[in-house]
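Numbering (the working numbering), first residue to last: 1 to 234. We put the CB at the ideal spot given by N, CA and C, even for glycine. All remarks here apply to the structure that follows.
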């Protein structure tokens with residue numbers, strides 16, 4: 001699915017579950033983040049429409065009828081030009097506020113791992129030269145690089161941490177795979193040395209030019225990859 005068709009379908013219904021749309025969404029972290037932002041906006045709009053019931057029964061019935069008809073028309077015919085303009089305006093405000101809000105790096109890292117399932121299935125052998133080429137493209141990292149191969153790297157791509165272009169790697173640990181994020185320093189970022197949910201464990205540390213976040217199912221894998229990275233990343 002090309003970018004134009006993907007975005008059109010995402011705008012019409014970011015919650016759609018057909019195979020073609022889901023496959024296209026998972027082709028890149030940018031598309032996944034874009035759909036997630038639209039879902040968040042959808043939820044905010046829905047919450048905003050849940051106004052207090054007016055005392056005037058006639059006005060209440062009319063409002064409910066209009067809201068229901070609006071949702072039906074939106075699903076059947078897509079956005080009208082007026083609605084597109086309104087949503088674009090609201091989206092612009094929402095995205096601006098999101099970009100200014102503090103970013104919990106640990107929670108953001110966990111979210112990325114769950115949404116990027118393709119990354120965990122990769123079995124490539126990425127060289128240190130390929131990784132350093134990606135790092136060099138991020139001027140905010142101030143020429144940070146690996147001095148040697150940091151173990152086996154199975155996957156490498158760019159990702160977005162609330163508007164900050166970052167590096168997403170998957171590395172081989174002792175027992176399983178470890179997801180590694182290299183995020184340029186930003187005043188909005190909030191770093192926790194340890195974080196977790198019911199499935200994954202994570203840790204973070206700060207280098208001279210970046211935040212480094214690791215996520216894995218096994219604590220031993222975190223320690224193993226952290227030591228490899230600290231020895232070779234400058």
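(Q) For the segment 216–224 against the segment 134–148, do three or more pairs of beta-carbon atoms, one drawn from each stretch, fall closer than 8 Å, so that the two count as touching? (A) Short answer: they don't touch.
Q. So what does DSSP say about residue 18, is it helix, strand or coil?
A. The answer is coil: DSSP assigns residue 18 none of H, G, I, E or B.
Q | Heavy atom of the ligand SAM within 7 Å of residue 127 beta-carbon | A | The ligand SAM is not part of the structure shown, which contains no ligands of any sort.
Q: Please determine, among 24, 177, 102, the residue with the shortest C-alpha to C-alpha distance to residue 153.
A: Of the candidates 24, 177, 102, the one whose C-alpha sits nearest the C-alpha of residue 153 is 177.
Q: Output the boundary residues of the beta strand (DSSP E) element that contains residue 168.
A: Note, residue 168: beta strand (DSSP E), 164–172.
Q: State the DSSP-derived secondary structure class of residue 265, mapped to helix, strand or coil.
A: Any question about residue 265 goes unanswered here, given that the chain covers just 1 to 234.
Q: Determine the burial state of residue 102: buried for a count of at least 16 other Cβ atoms within 10 Å of its Cβ, exposed for fewer.
A: By the 10 Å Cβ count, residue 102 comes out exposed.
**Q.** Residues near residue 10 by beta carbon distance below 7 Å, same chain, minus five either side
**A.** If you ignore the 5 residues before and after residue 10, its C-beta comes within less than 7 Å of the C-beta of 34, 35, 38, all in its own chain and listed in chain order.
**Q.** Limits of the beta strand (DSSP E) - the one that residue 154 falls within
**A.** Residue range 153–161 is occupied by the beta strand (DSSP E) that includes residue 154.
Q.
So that I know if they touch, is there some Cβ in chain C lying closer than 8 Å to that of residue 219?
A. No chain C is part of this structure, which consists of one protein chain only.
(Q) Can you tell me where the alpha helix (DSSP H) holding residue 110 begins and where it ends? (A) Going by DSSP, residue 110 is part of the alpha helix (DSSP H) stretching over 105–115.
(Q) Between the alpha carbons of residue 43 and residue 169, how many angstroms are there, rounded? (A) A straight-line Cα-Cα distance of about 31 Å links residue 43 and residue 169.
Q) What residue from 215, 197, 25, 17 has the CA that sits closest to residue 2's CA? A) Nearest of 215, 197, 25, 17 to residue 2, Cα basis: 25.
Q. If we count the other Cβ atoms within 10 Å of its Cβ and call it buried at 16 or more, is residue 138 buried or exposed?
A. By the Cβ neighbour-count rule, residue 138 is buried, with 16 or more other Cβ atoms within 10 Å of its own.
Q) Is it true that the segment 195–204 meets the segment 100–119, where meeting means three or more beta-carbon pairs spaced less than 8 Å apart? A) Yes, they touch.
Q | Contact belief for residue 150 with residue 233 at Cβ below 8 Å, rounded distance in angstroms | A | Sure, about 7 Å apart at Cβ, within 8 Å.
Q) How big is the Cα-Cα spacing for residue 20 and residue 6? A) If you take the alpha carbons of residue 20 and residue 6, they lie about 10 Å apart.
Q. Would you say residue 156 and residue 184 are within 8 Å of each other, going by their C-beta atoms?
A. It is not a contact, given that the beta carbons lie outside the stated cut-off.
Q) For residue 96, does the count of other Cβ atoms within 10 angstroms reach 16, so buried, or fall short, so exposed? A) Legend: pLDDT at residue 96 = 48, less than 50; position of this residue unreliable, no value from coordinates given.
**Q.** Alpha-carbon to alpha-carbon, residue 105 and residue 117
**A.** Going from the Cα of residue 117 to the Cα of residue 105 covers about 19 Å.
Q: Determine the DSSP secondary structure at residue 200, reduced to helix, strand or coil.
A: In the structure shown, residue 200 sits in coil (DSSP, three-state: anything other than H, G, I, E or B).
Q) Looking only at C-alpha atoms, which of 48, 133, 8, 172 sits nearest to residue 225? A) Measuring from the Cα of residue 225, the nearest candidate turns out to be 172.
Q: State the Cα-Cα distance for the pair residue 190 and residue 109, rounded to the nearest angstrom.
A: Between residue 190 and residue 109, the C-alpha separation is close to 12 Å.
**Q.** Straight-line Cα distance separating residue 212 from residue 175
**A.** Cα to Cα, residue 175 sits roughly 21 Å from residue 212.
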